[in-house]
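Enquirer: Below you will find the structure I want to go over with you.
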Amino acid sequence: MSREIASDVVVVGAGVSGLLTGLKLAQVGLRVTLVERSATIAPAASSRNEGWLHAGTYHASAIADPHEAVQVARKCLYGYHQIRNLAPESLEWSNGLAIALVAEPVRAQQAEERWEEAQVRFRRVRPRDVEPALPNVDLGRAVCAYLVQDVGIDIRLLYRRLLTEALRSGVSIELDSEFHFVSDTAGECVRRPDGAVSRLRYRRAVLAAGHEINRLSTQLGCPVPLRLWKSHILYGPQLVDRPVFWLDPLEVAIVNHAPSVSVVGMTTDAIEVEKADFEVEPSRVALVEEAMRRTIVGEYGDRFTAYACIKVDMRSGRAPLSVNSEIRRLSSAVYCVSPGKLTEAPFVADRVVHHICDELLDSRIPVRPWDRAF
């Protein structure tokens, strides 16, 4: 016999966005079921990213549209402070705060203007001032350097904290289970190992399932335009004493993780792909290696290993990858979310909780005079 599960909200996808949304909904008294297709929480992009807790520094500079750049930076700052308070043990302070480098004077000026507007903290210094902290980094191309607030984060500890708090708050978690819509307020949860079916009834659903959003939104009859992007990342022995990244495109961003590991990504390296797989493309890896050679002095041979990460955005056309979070309403009962970046996930979760609690009222809480008018 199939199980019957009644919830106020079903959240599909247990990545960082789904975990945070489920946790926060439960903390305001709603019954929440979280469904994840994989056998573990936080698969795919949530666990294959480089491990940065962004403070808005890079994205304020890198995004072409100034309004969107400042918007993303502010969302990152919102999440940065919230994650610091929620899971302080996950931050890798021992590896130091980051140093940002710039090769183009015009880019430096633009970055500072946007940082000031978004209230991103920074301190401009001369490149030679950071030489002691970055002894094996070639600073010859840098016109200026900045001491910034970005820091490495141990995502395992973050997800462990979120999982523990979600369970403590009463979230029911169905792992290794595939969700299917029956209607916008009913669905089926099929356990992948044995095919056992659970029938779910709920008042609201939140899709936070990355590339699975395509299948789910189509099943509901409200297909969401979804683009897939692949980026390549290297890891190996620690290269630098402090996390460091360039604001210029196609340059490296290097963050350290315990024990003595450096993870190396490349700015603006993502390419659009047709399917969500983690196959490494040697030509793209070569670009990251070339960027690393431009920045790191000395030999590191073949000690670095490459892997791929898949990211999604809910846009169409030929525009570059969007890292701006989005919330879409697919029906009166179903929301669809994309966090953009891990650090934006708290902002997205809080907005979704606000929307849902505006609709699923608690009868013990009085309505305000204007609530009756709308």
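Under my numbering, the first residue of the sequence shown carries the number 961, and numbering increases by one thereafter. Glycine is no exception: its CB is placed at the ideal position from the N, C-alpha and C atoms. None of these values were measured; they are calculated from a predicted model.
Excluding the 5 residues preceding and the 5 following S962 in the sequence, name in chain order all residues of the same chain whose CB lies nearer than 7 Å to its CB.
Expert: Excluding sequence neighbours, S962 sits near V1157, S1158 and R1159.
Enquirer: Please report the distance separating the alpha-carbon of P1087 from that of V1312.
Expert: Taking the straight line joining both Cα atoms gives about 43 Å.
Enquirer: I'd like to know whether the C-beta atoms of D1110 and P1203 end up nearer to each other than 8 Å.
Expert: Result yes, Cβ atoms of D1110 and P1203 sit closer than 8 Å.
Enquirer: Taking L1207 and A1060 to be in contact with their CB atoms under 8 Å, please state how far apart those CB atoms are, rounded to whole angstroms.
Expert: Correct: roughly 6 Å between the Cβ atoms.
Enquirer: Rounded to whole angstroms, what is the Cα-Cα separation between I1133 and R1163?
Expert: C-alpha separation (whole angstroms): 17 Å.
Enquirer: DSSP state of M1338, grouped into three classes?
Expert: Coverage of the chain is limited to positions 961 through 1334, which leaves residue 1338 absent and any answer about it impossible.
Enquirer: Flag this pair as yes or no: are the beta carbons of R1083 and A1020 separated by less than 8 Å?
Expert: No; because the gap between Cβ atoms is not below 8 Å, this pair is not in contact.
Enquirer: In the structure shown, what three-state DSSP assignment does Y1162 receive?
Expert: Residue state, collapsed to three classes: coil.
Enquirer: Which ranges would you report for the beta strand (DSSP E) in the stretch 1071 to 1097 if only whole runs of at least 3 residues count?
Expert: Taking only runs of at least 3 residues, the beta strand (DSSP E) segments lying wholly in the stretch 1071 to 1097 are 1082 to 1085.
Enquirer: Less than 8 Å between C-beta atoms, sequence neighbours within five positions excluded: which residues of the same chain meet that for V1030?
Expert: The residues are A1020, R1074, E1077 and A1078.
Enquirer: R1288 to V1233, Cα distance in whole Å?
Expert: Approximately 23 Å between the Cα atoms of the pair.
Enquirer: Under a three-way DSSP split, which group does Y1295 fall into?
Expert: The answer is strand: DSSP assigns Y1295 an E or B state.
Enquirer: Using C-beta distances below 6 Å, list every residue in its chain close to L1167, excluding the 5 sequence neighbours before and after it, in chain order.
Expert: V972, I1173, L1176 and C1296, listed in sequence order.
Enquirer: According to DSSP, is V1148 part of a helix, a strand, or is it coil?
Expert: The sequence shown places Glu at residue 1148, rather than the Val named in the question. The answer is strand: DSSP assigns E1148 an E or B state.
Enquirer: Please name the residue in R1067, C1269 and D1114 whose C-alpha comes closest to that of V1103.
Expert: Among R1067, C1269 and D1114, the Cα nearest to that of V1103 belongs to R1067.
Enquirer: Is C1182 helix, strand or coil when you go by DSSP?
Expert: The answer is coil: DSSP assigns C1182 none of H, G, I, E or B.
Enquirer: Please name the residue, chosen from N1284, V976 and A1305, that lies closest to L1123 on a Cα-to-Cα basis.
Expert: Nearest C-alpha to L1123: V976.
Enquirer: Return the first residue and the last residue of the alpha helix (DSSP H) that Y1106 is part of.
Expert: First-last for Y1106: C1104 to V1108, but that is the beta strand (DSSP E), not the alpha helix (DSSP H).
Enquirer: Could you pull out every residue in the same chain whose Cβ sits closer than 6 Å to the Cβ of A974, ignoring the five residues on either side in sequence?
Expert: Taken in chain order, the residues that qualify are L994, E996 and I1001.
Enquirer: Where are the beta strand (DSSP E) runs, 3 residues long or more, that stay fully inside the stretch 1200 to 1250, in chain order?
Expert: Listed in chain order, they are 1204 to 1206, 1212 to 1217, 1221 to 1226 and 1231 to 1233.
Enquirer: Considering Cα atoms alone, identify which of G1130, A1022 and T1145 is closest to K984.
Expert: Nearest of G1130, A1022 and T1145 to K984, Cα basis: G1130.
Enquirer: Roughly how many angstroms lie between the CA atoms of D1154 and L1094, to the nearest whole one?
Expert: Their backbone Cα atoms lie some 53 Å apart in a straight line.
Enquirer: Three Cβ pairs or more, each shorter than 8 Å: is that satisfied between the stretch 1217 to 1225 and the stretch 1270 to 1278?
Expert: With the cut-off at 8 Å, the stretch 1217 to 1225 and the stretch 1270 to 1278 do not touch.
Enquirer: What are the partner residues of T1265, as DSSP defines its beta bridges?
Expert: Its beta-bridge partners are Y1195.
Enquirer: Return the CA-CA distance between M1374 and L979, expressed in angstroms with no decimal places.
Expert: Residue 1374 falls outside the range modelled here, since the chain spans only 961 to 1334, and no answer is possible.
Enquirer: Taking all protein chains shown into account, do 16 or more other C-beta atoms lie within 10 angstroms of the C-beta of H1027, making it buried, or fewer, making it exposed?
Expert: Label assigned to H1027: exposed.
Enquirer: Near V1224, which residues of its chain fall below 6 Å by C-beta distance, leaving aside the five closest residues on each side in sequence?
Expert: Closer than 6 Å at the Cβ level, and outside the excluded window around V1224, lie L1194, V1212, I1214 and M1252.
Enquirer: Could you name the residues of the same chain whose beta carbon sits closer than 8 Å to that of Y1119, not counting the 5 residues immediately before and after it, in chain order?
Expert: Closer than 8 Å at Cβ, skipping near neighbours: V976, L979, I1001, A1002, S1006 and S1007.
Enquirer: Who are the Cβ neighbours of L1037 in its own chain at under 8 Å, not counting the five residues just before and after it?
Expert: These residues qualify, in order along the chain: A1015, G1016, A1078, Q1079 and V1080.
Enquirer: Go through its chain and collect everything with a Cβ distance to D1098's Cβ below 8 Å, but skip five positions before and after it.
Expert: Cβ neighbours of D1098 beyond the five flanking positions: R1254, T1255, I1256 and V1257.
Enquirer: Name, in chain order, the residues that DSSP records as bridge partners for K1035.
Expert: K1035 pairs with nothing; no bridge assigned.
Enquirer: With distances taken Cα to Cα, identify the nearest neighbour of V1283 among L1302, R1121 and F1141.
Expert: The shortest Cα separation from V1283 among L1302, R1121 and F1141 belongs to L1302.
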